[in-house]
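Okay, so here's the structure we're looking at.
Below, the structure is given as structure tokens:
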């Protein structure tokens with residue numbers, strides 16, 4: 008077997024093992040180990056591939072962004088900021104058809120700019136906005152669908168764990184990736200909002216709603232002062248995180264640390280944080296960090312193995328040799344990512360697929376930052392699709408109501424997955440949307 | 342919402358198994374959660390020191406020496422202190438849709454698959470552990486350190502030790518799962534999602 012054949016066999020074996028249920032880190036690490044052992048015909052080299060990756064891969068300052076932004080998101084969720092954003096959004100949108108749905112999207116978009124995780128967004132807004140929407144006659148499927156659909160904004164609008172992971176894998180600046188995520192996130196939010204408005208007129212039976220005129224919810228009669236008080240902490244956090252990075256005052260690591268500290272101050276000030284709450288945040292931060300970074304360690308074993316097999320270079324040459332243009336390769340790539348996304352989580356997809364395609368993109372002179380946004384959006388579509396749409400699972404377990412089935416959630420989320428795909432095509436066709444701010 | 346069982350420890354990964362294991366497994370759980378606690382405090386320390394550096398540099402024009410080196414060591418330390426506990430609570434990423442299907446249709450085959458995967462986990466961690474012990478020994482022998490001479494230096498061996506301990510603990514955790522697969526049926530994806538929610542949506 009030549010190196011390339013071993014490389015190809017390894018990639019296929021890894022995907023099969025992951026489908027069969029092996030831990031993704033173990034699949035990546037163990038297969039890469041065997042691959043290197045065969046290619047180099049040397050057991051010690053293969054062992055040092057593992058140990059050097061373990062000791063060296065994450066030993067870099069930029070990886071501190073992972074725990075720091077995770078911690079910030081967790082504290083913000085505890086501090087109840089999601090409810091405040093939703094109140095203000097409802098106050099703005101409730102008179103429009105489908106207004107509570109649009110408000111959910113808007114609130115998610117804002118919440119996404121202070122958290123980096125779709126899971127946090129999904130669970131927070133399942134609690135806040137699903138009961139409210141159902142109370143006003145929106146159908147269950149639409150209510151959970153909106154929450155699922157808009158939860159993906161959490162990983163697109165910075166700070167975002169996925170953008171950090173992509174930046175690390177491709178050695179791009181985290182700050183650039185964050186800035187590139189802003190406009191696509193806004194475009195996707197607007198597309199969702201417009202689609203909800205259209206659905207409310209075209210398919211009123213799917214959406215439901217109406218009869219919004221009476222009631223005594225506190226979000227109906229917010230004074231400008233209320234709005235200011237509810238939005239001020241969020242604006243402050245956004246300014247610290249994005250303003251700091253955009254203005255070049257602080258590095259992404261410092262923005263994460265300052266954001267966490269500020270979120271903690273807000274949580275303490277609102278008496279939403281106990282010692283136990285803080286401890287839970289720290290433990291959860293640790294779990295997220297260990298999971299994501301160990302995955303990155305395993306992925307670095309994998310990409311080193313691919314490098315030894317010379318697969319990325321040859322794969323790129325082969326693709327171009329077949330006469331594929333950039334468009335054809337992008338179609339192929341997006342189809343592959345979406346197919347993997349039905350069963351593998353976004354972070355793992357990025358780590359498996361990006362090393363294979365990065366060389367091709369570079370040889371076309373495409374922007375690696377733009378390619379990252381495409382990758383993240385394509386991988387996130389998988390959060391909404393069966394059989395393993397993580398966002399839908401999180402909603403199902405948060406909602407804790409046996410009458411709402413996973414099928415309801417997947418059905419409700421489907422229109423939003425389609426809109427994501429349309430926006431993805433838009434983002435591919437117009438790279439400027441991603442690149443104009445960077 | 343409040344999580345009734347949370348004292349910093351997440352709910353154990355077992356699908357309602359009647360047997361909780363003996364003294365050995367209790368001891369191991371204690372050890373792994375202690376590592377986790379240490380890692381959690383380290384996370385807080387990282388946040389504080391980065392803030393001190395940022396404020397010190399911008400406001401007082403006086404940065405904290407060696408922050409970058411401290412961060413580099415800290416990230417590795419946090420990952421390996423937390424790895425075993427993240428594994429214990431079922432957070433290590435996997436796609437278990439197919440396996441749950443097999444477990445439901447043909448429990449024997451499903452449990453064999455589960456056992457096989459935990460076994461491969463043990464094998465993988467064993468290889469990593471072996472390589473890491475070699476690195477630890479060489480770092481002690483050669484007095485390896487990070488940082489620049491005369492400014493800030495820190496020896497390599499403590500963090501290399503943390504890697505070895507973390508890998509060993511994770512290996513043992515895979516072994517616990519393997520034993521459990523021989524005795525009972527494990528949790529499914531929905532349980533994992535439940536746990537994620539328990540963690541991330543307190544007191545809305």
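Residue numbers (the working numbering), protein chains in the order written: chain X, 8 to 445; chain L, 342 to 545.
Glycine included, each C-beta is placed from N, C-alpha and C at the ideal position.
If you measure from the beta carbon of residue i to each beta carbon in chain L, is any gap under 9 angstroms?
i: residue 17 of chain X; result: no
i: residue 355 of chain X; result: yes
i: residue 286 of chain X; result: yes
i: residue 410 of chain X; result: no
i: residue 240 of chain X; result: no
i: residue 118 of chain X; result: no
i: residue 150 of chain X; result: no
i: residue 159 of chain X; result: no
i: residue 224 of chain X; result: no
i: residue 275 of chain X; result: no
i: residue 304 of chain X; result: yes
i: residue 257 of chain X; result: yes
i: residue 360 of chain X; result: no
i: residue 260 of chain X; result: yes
Could you give the first and the last residue of the continuous alpha helix (DSSP H) run that contains residue i?
i: residue 320 of chain X; result: 318-328
i: residue 183 of chain X; result: 181-209
i: residue 353 of chain X; result: 353-370
i: residue 387 of chain L; result: 364-400
i: residue 415 of chain X; result: 413-436
i: residue 11 of chain X; result: 10-27
i: residue 403 of chain X; result: 397-406
i: residue 418 of chain L; result: 408-429
i: residue 175 of chain X; result: 168-177
i: residue 277 of chain X; result: Segment: none, residue 277 of chain X is in no alpha helix (DSSP H) and carries neither H nor E.
At a Cβ threshold of 9 angstroms, is residue i touching chain X?
i: residue 375 of chain L; result: no
i: residue 504 of chain L; result: yes
i: residue 436 of chain L; result: yes
i: residue 455 of chain L; result: yes
i: residue 380 of chain L; result: yes
i: residue 406 of chain L; result: no
i: residue 465 of chain L; result: yes
i: residue 415 of chain L; result: yes
i: residue 534 of chain L; result: In this prediction, residue 534 of chain L has a pLDDT of 47, which is less than 50 and means its spatial position is unreliable; nothing more can be read from the coordinates.
i: residue 516 of chain L; result: no
i: residue 524 of chain L; result: no
i: residue 446 of chain L; result: no
i: residue 509 of chain L; result: no
i: residue 501 of chain L; result: yes
i: residue 421 of chain L; result: yes
i: residue 440 of chain L; result: yes
i: residue 519 of chain L; result: no
i: residue 462 of chain L; result: yes
Have a look at residue i and residue j and give me their C-alpha separation to the nearest angstrom.
i: residue 407 of chain X; j: residue 181 of chain X; result: 37 angstroms
i: residue 326 of chain X; j: residue 422 of chain L; result: 43 angstroms
i: residue 251 of chain X; j: residue 392 of chain L; result: 13 angstroms
i: residue 193 of chain X; j: residue 245 of chain X; result: 15 angstroms
i: residue 507 of chain L; j: residue 61 of chain X; result: 11 angstroms
i: residue 365 of chain X; j: residue 337 of chain X; result: 12 angstroms
i: residue 131 of chain X; j: residue 196 of chain X; result: 18 angstroms
i: residue 381 of chain X; j: residue 367 of chain L; result: 47 angstroms
i: residue 54 of chain X; j: residue 313 of chain X; result: 16 angstroms
i: residue 474 of chain L; j: residue 56 of chain X; result: 14 angstroms
i: residue 183 of chain X; j: residue 374 of chain X; result: 12 angstroms
Do residue i and the ligand MG come close, with the Cβ less than 8 angstroms from some heavy atom?
i: residue 421 of chain X; result: Absence of the ligand MG is noted for the structure shown, with no ligands found whatsoever.
Between residue i and chain B, is any beta-carbon pair separated by less than 9 angstroms?
i: residue 233 of chain X; result: The structure shown has no chain B; the protein chains it does contain are X and L.
Subject >> Chain-ordered residues of the region 68-81 of chain X with a beta carbon less than 7 angstroms from chain L >> reply: 68, 70, 71, 74, 75, 78, 81
Subject >> Secondary structure, alpha helix (DSSP H): runs of 4+ residues fully inside the region 63-125 of chain X >> reply: 72-85, 88-100, 106-119
**OP:** Could I get the ranges of all uninterrupted beta strand (DSSP E) runs contained in the region 434-519 of chain L, with 3 residues as the minimum, in chain order?
**Re:** 486-489, 493-496
**OP:** Quick one: which residues of the region 21-46 of chain X get their C-beta closer than 7 angstroms to a C-beta of chain L? List them in chain order.
**Re:** 25, 26, 27, 28, 29, 30, 31, 32, 33, 36, 37, 40
Original post:
the region 470-493 of chain L: which residues have C-beta closer than 7 angstroms to a C-beta of chain X, in chain order?
Top reply: 471, 472, 473, 475, 476
Original post:
the region 411-428 of chain X: which residues have C-beta closer than 8 angstroms to a C-beta of chain L, in chain order?
Top reply: none
Original post:
In the region 244-275 of chain X, which residue ranges form an unbroken alpha helix (DSSP H) of at least 4 residues, counting only runs that do not cross its ends?
Top reply: none
Original post:
Going along the chain, which residues of the region 96-112 of chain X sit with their C-beta nearer than 8 angstroms to a C-beta in chain L?
Top reply: none
Original post:
Which of the residues in the region 382-407 of chain X, read from start to end, lie with their CB under 8 angstroms from any CB of chain L?
Top reply: 394, 395, 397, 400, 401, 403, 404, 405
**OP:** Name, going along the chain, the residues of the region 287-301 of chain X whose beta-carbon falls closer than 9 angstroms to a beta-carbon of chain L.
**Re:** 287, 288, 289, 290, 291, 292, 293, 294, 295, 296, 297, 298, 299, 300, 301
Subject >> Interface positions of the region 336-352 of chain X facing chain L (Cβ-Cβ less than 8 angstroms), listed along the chain >> reply: 350, 351, 352
Subject >> chain L contacts from the region 51-66 of chain X (Cβ-Cβ distance under 7 angstroms) >> reply: 54, 55, 57, 58, 61, 62, 65, 66
Subject >> Short-range partners of chain L found in the region 262-273 of chain X, where Cβ spacing is below 7 angstroms >> reply: 264, 265, 267, 268
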